[in-house]
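Quick notes on the structure that follows.
Chains as they are written, first to last, in the numbering used here: chain V, 5 to 156; chain P, 45 to 438; chain W, 15 to 393.
Listed below in structure tokens is the structure:
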């Protein structure tokens, strides 16, 4: 089919060459399409939709009196869930910002206490006394219905 | 022989603590024996006087025999023990019932000589008095509405409250009655929860409303911030009951903003504008949430994973529900903020689910395009192959 | 990479590379996976060796039954590619696995496509490998010098079933979890190899350690072994040549180009079939695994149903290892088939006994599969 023709009339490329390039372009769409599919797939979804974006359920709001805190285990990152008011809940890391001891909640004074070097934090995580010089890390906490959900 | 039988019958009939009274009053004896009084060794003579050991009427009805107390005297008679702190202490019972009773609507009338009011026995029973926590007791919480309803119900002699002829029926048909009696929700109120038990009085202005606020505190907080609070106090109108009725309380819906507000505010007034605005906000949020919920259900039927969408819709609904007490402050801003949040969450969920559903429809279109592309490719490839084949065999 | 004989720039690049690497050997290795059916002379420079190979007379490869080998490799390559991409999102813990899969399927762009393509390709691979095995058997393609090819083909199928089995658990849905539980019951009850499986997998209960091991097996160990097996097969074919079939066309020069086009057409057809299957017949979404709730109709995977049926059909009074021994004996005979079959040639009439036994085994396998299937109600 193609041998009979010369690089035909017209410009430097000619009809045969143009057809070839067209076909090459067409076929290369396979590669481009696959690449586009792969790249589109690899585009990480927004943080809310990420798998494994842990949502820790930390019990019910109604079972946590106002002004009290609940200790929640979570592997290496335990946390306190403090009920600051009727509807407000604060989730604080239960790891001391000084030397990473596990903290304890004091019911009577409403403060968080470190057994290692007697550091004290208030219920918002701010340092009250002792060696720690950074406040406790906070996690975003939500109340859904009666359920406290913390985003870890 | 008959003497033996007689003796046996006598022995059977004579029991502690009724004594020989049961010989002539067997039905009453049987009733009394089920009661908590009998169990504590309180006998007929403790209330009625007389001689429990006597076996003849004359002998029994002698001395300090009081007979059946008159209704006017009855509360005082019960109070002779039940207001005695020393006597009540071992049972850990309160001793203020009589004092409360005398302040109550019932007690006040009785003092005036009207005995067509409830006295102790009307609610607690005469002889078969059970403990309050006994489910068969007429004053067991679940039975209280029926007990009050004996007088304050249909075709009865009780008070009618400003046109409400049957408070009992109204209560049973309302949300509190439904919750308490049908759903067995023990945190819902019965008659005594709002009116008081022994000090029961038709509540005056500011009485029951304060009681409403014990449970519905967010609503009351916001209500007190509103112009309604001061106005109703001045006018002497009941606060909560003006809009929500006394006994037949219906579930509050946004349609109330149209029907109830116009009782006082004429249509077109600034106040009814506020009501309409809030109604629009509520309705908008509810519609949005319902639409999102329908969509999520449709997606779930495919099936698609929708648990996180459902959780977010719960959040939206929570926001909406939070806005209902806020409405009582009569400020549109507060309501608007919460309903806006509810709507935005619901709208987000809707758009995401829609996106997923749409994407699924587009797959077929994509497939057709792909087939077209594939067939073209095959044509080209087969042509090239044929050419290579013909070259090869040469 | 074919030199076009153009300007100095191109030539110097290949020459530059030629001084530093044995390109011919590299290409020979890479192309040995079915791409290039003949051996390259690795002592010659790449361009020369390639030109020579293109011109070399080769038998025509365009026979449909032969396609199974390269098709299985293509499907495997597709599985590997989709698998690697999926692994960018998948989380191999018992708590997160299900959620990561639903995120892939629902929220990641084309995640549904890759996930479904991976599943469909897995099913296709097993079918292709099995059909290929039966084809080898019935066409006598295990006779000398093809004994190793037969053993490799059998191994490939068995290893592929393990890939399928490990892959099922990883989605952590009800079907996969319970299919794995039933499958492990079957595997562990085999004498000798059962304890080895148990050792490798990490115990009878499916917990997070088992999950991790399945993940490693599925992603690394088994694909590595499969690649090795494919390489063995194709380089073996290069050495022994294609099996001669009656009415074979004589070898012709320039057959390589035709072969390449055959491959491209095959790839396009395969891709087309997969895309169609994935879009029109996606595997439905299944509930998460619940170790406390056995769904109706939980069975071992289809390839283990025959073994399961056999295990169950033996009376329970008999010792449990007996049916296991039967299964293992069957496999051993299958492996040693080239050495056990003493018939003179490849033609079917020369191997009547072998064919008869093979057909009987096939029928028995089908019957036991059906029997194992209907042991569970529903599902």
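Quick reminder that beta carbons are idealized off the backbone N, C-alpha and C, glycines included.
Fair warning: this is a prediction, and the values are worked out from it, not measured in the lab.
Of the listed residues 116(W), 68(W) and 166(W), nearest to residue 251(W) (C-alpha basis):
Sequence index remark: in the third chain, residue 251(W) carries index 237 (1-based). Of the candidates 116(W), 68(W) and 166(W), 166(W) places its Cα closest to the Cα of residue 251(W).
Exposed or buried, what is residue 65(W) when buried is set at 16 or more other beta-carbons lying within 10 Å of its beta-carbon?
Sequence index remark: in the third chain, residue 65(W) carries index 51 (1-based). By the Cβ-count criterion, residue 65(W) is exposed, with fewer than 16 other Cβ atoms from all chains shown falling within 10 Å of its own Cβ.
I need the DSSP call for residue 308(P), collapsed to helix, strand or coil.
What you label residue 308(P) is simply residue 264 of the second chain in a count that begins at 1. Assignment of residue 308(P) by DSSP, reduced to helix, strand and coil, places it in the coil class.
Taking 9 Å as the threshold (C-beta atoms), are residue 156(W) and residue 148(W) in contact?
What you label residue 148(W) is simply residue 134 of the third chain in a count that begins at 1. What you label residue 156(W) is simply residue 142 of the third chain in a count that begins at 1. Contact: no.
Strand pairing of residue 97(V), partner residues [DSSP]:
What you label residue 97(V) is simply residue 93 of the first chain in a count that begins at 1. Paired residue(s): 83(V).
DSSP bridge partner residues for residue 306(W) (one or two, in chain order):
Within the third chain, the letter at position 292 stands for residue 306(W). Per DSSP, residue 306(W) has no beta-bridge partner at all.
Which ranges does the alpha helix (DSSP H) cover as unbroken runs of at least 4 residues, wholly within the stretch 208 to 257 of chain W, from first to last along the chain?
Runs of alpha helix (DSSP H) with 4 or more residues, each lying fully within the stretch 208 to 257 of chain W, are found at 222 to 230 and 236 to 254, listed in chain order.
Could you check whether residue 322(W) and residue 334(W) sit closer than 9 Å to each other, using their CB atoms as the reference points?
The residue you call residue 334(W) lines up with position 320 of the third chain. The residue you call residue 322(W) lines up with position 308 of the third chain. When the beta-carbon positions are compared, residue 334(W) and residue 322(W) stay at least 9 Å from each other.
C-alpha distance - residue 44(W) paired with residue 84(W), whole-angstrom precision
Here the question's residue 44(W) lines up with position 30 in the third chain. Here the question's residue 84(W) lines up with position 70 in the third chain. Rounded to the nearest angstrom, the two C-alpha atoms are 14 Å apart.
Please check the pair residue 400(P) and residue 120(W), which I expect to be a contact at CB under 8 Å, by giving their CB distance rounded to whole angstroms.
As a working note, residue 400(P) is residue 356 in the second chain. As a working note, residue 120(W) is residue 106 in the third chain. That belief holds up - the Cβ atoms of residue 400(P) and residue 120(W) are roughly 6 Å apart, short of 8 Å.
Where residue 78(P) sits in the DSSP three-state scheme
Counting from 1 along the second chain, the entry for residue 78(P) is found at position 34. Of the three classes helix, strand and coil, the one that applies to residue 78(P) here is coil, per DSSP.
Who are residue 151(V)'s beta bridge partners in DSSP?
Looking up residue 151(V) in the first chain gives position 147. According to DSSP, residue 151(V) bridges with 64(V) and 148(V).
Along chain P, which residues have their Cβ under 8 Å away from the Cβ of residue 279(W)?
Looking up residue 279(W) in the third chain gives position 265. Residues of chain P whose Cβ lies closer than 8 Å to the Cβ of residue 279(W) are, in chain order, 422, 425, 426 and 429.
Please return the same chain residues whose Cβ sits closer than 7 Å to the Cβ of residue 243(W), not counting the five positions on each side in sequence.
Along the third chain, one-based indexing puts residue 243(W) at 229. The residues are 166, 169, 170 and 173.
Show which residues of chain V have a CB atom less than 8 Å away from the CB atom of residue 99(W).
Within the third chain, numbered from 1, the residue matching residue 99(W) stands at position 85. The answer, in chain order, is 42, 45 and 46.
Can you find a CB in chain W that lies within less than 9 Å of the CB of residue 336(P)?
Numbered from 1 along the second chain, position 292 holds the residue referred to as residue 336(P). False, the Cβ-Cβ gap to chain W never drops below 9 Å.
Measuring only the C-alpha atoms, how far is residue 261(W) from residue 50(W)?
One-based indexing of the third chain puts residue 261(W) at position 247. One-based indexing of the third chain puts residue 50(W) at position 36. Residue confidence is low: residue 261(W) scores 46 on pLDDT, short of 50, so the model does not pin down where it sits. No coordinate-derived value is stated.
Please list, in chain order, all residues of the same chain as residue 316(P) whose beta carbon is under 8 Å from its beta carbon, the five residues on each side excluded.
The residue given as residue 316(P) occupies position 272 in the second chain. Excluding positions up to five away in sequence, the list reads 305, 306, 309 and 310.
Do you know offhand how far residue 211(W)'s Cα is from residue 391(P)'s?
Locating residue 211(W) in the third chain gives position 197, counting from the first residue. Locating residue 391(P) in the second chain gives position 347, counting from the first residue. Rounded to the nearest angstrom, the two C-alpha atoms are 52 Å apart.
Nearest-angstrom Cβ-Cβ length linking residue 78(P) and residue 172(P), presumed shorter than 8 Å:
Working through the second chain from its first residue, we reach residue 78(P) at position 34. Working through the second chain from its first residue, we reach residue 172(P) at position 128. Yes, they are in contact, since the Cβ atoms of residue 78(P) and residue 172(P) sit about 5 Å apart, within 8 Å.
Within-9 Å CB hit, residue 419(P) to chain V:
Along the second chain, read from residue 1 onward, the residue named residue 419(P) stands at position 375. No, residue 419(P) does not count as interfacial toward chain V.
Suppose contacts are defined by Cβ-Cβ distances below 9 Å. Is residue 231(W) in contact with residue 176(W) by that definition?
Looking up residue 231(W) in the third chain gives position 217. Looking up residue 176(W) in the third chain gives position 162. Cβ atoms of residue 231(W) and residue 176(W): closer than 9 Å.
Find out if the Cβ-Cβ distance for the pair residue 212(P), residue 223(P) is shorter than 9 Å.
The residue labelled residue 212(P) in the question sits at position 168 within the second chain. The residue labelled residue 223(P) in the question sits at position 179 within the second chain. No, these two residues do not count as a Cβ contact at 9 Å.
Helix, strand or coil for residue 388(W)? Go by DSSP, reduced to three states.
For the purposes of this step, residue 388(W) is taken as the residue at position 374 of the third chain. In the structure shown, residue 388(W) sits in a helix (DSSP, three-state: H, G or I).
Considering only residues of the same chain and omitting the five flanking positions on each side of residue 125(W), which have a CB-CB separation below 6 Å?
What you label residue 125(W) is simply residue 111 of the third chain in a count that begins at 1. In chain order, 118 and 119 place their CB closer than 6 Å to the CB of residue 125(W), counting only its own chain and leaving out the 5 sequence neighbours on each side.
Do you know offhand how far residue 278(W)'s Cα is from residue 396(P)'s?
Here residue 278(W) corresponds to residue number 264 of the third chain, with the count starting at 1. Here residue 396(P) corresponds to residue number 352 of the second chain, with the count starting at 1. Each residue's alpha carbon lies about 39 Å from the other.
Using the Cβ count rule (16 or more neighbours within 10 Å means buried), how would you classify residue 210(P)?
Within the second chain, numbered from 1, the residue matching residue 210(P) stands at position 166. Here residue 210(P) is buried, its C-beta having at least 16 other C-beta atoms within 10 Å.
At the 9 Å Cβ level, is residue 286(W) part of the contact set with chain P, yes or no?
Taking the third chain and counting its residues from 1, the one referred to as residue 286(W) is at position 272. Yes, contact with chain P.
In terms of DSSP beta bridges, what is residue 73(V) paired with?
Along the first chain, read from residue 1 onward, the residue named residue 73(V) stands at position 69. 86(V).
Please list, in chain order, all residues of the same chain as residue 336(P) whose beta carbon is under 7 Å from its beta carbon, the five residues on each side excluded.
Start at 1 with the first residue of the second chain, and residue 336(P) comes out as number 292. Only 357, 390, 393 and 394 meet the Cβ criterion.
Residues of chain V with a CB under 7 Å from the CB of residue 128(W): which are they?
On the third chain, position 114 is the one that residue 128(W) refers to. Neighbours of residue 128(W) on chain V, chain order: 45.
Within-9 Å CB hit, residue 342(P) to chain W:
Locating residue 342(P) in the second chain gives position 298, counting from the first residue. Chain W, which has no Cβ nearer than 9 Å to the Cβ of residue 342(P), makes this no.
Under the three-state reduction of DSSP, which class applies to residue 135(P): helix, strand or coil?
Residue numbering aside, residue 135(P) sits at position 91 when the second chain is read from its first letter. Three-state DSSP puts residue 135(P) in a helix.
Closer than 9 Å to chain V by CB, residue 93(W):
As a working note, residue 93(W) is residue 79 in the third chain. False, the Cβ-Cβ gap to chain V never drops below 9 Å.
Using the beta-carbon count (16 or more within 10 Å), is residue 130(V) buried or exposed?
Taking the first residue of the first chain as 1, we reach residue 130(V) at position 126. Looking at its Cβ environment, which holds fewer than 16 other Cβ atoms inside 10 Å, residue 130(V) is exposed.
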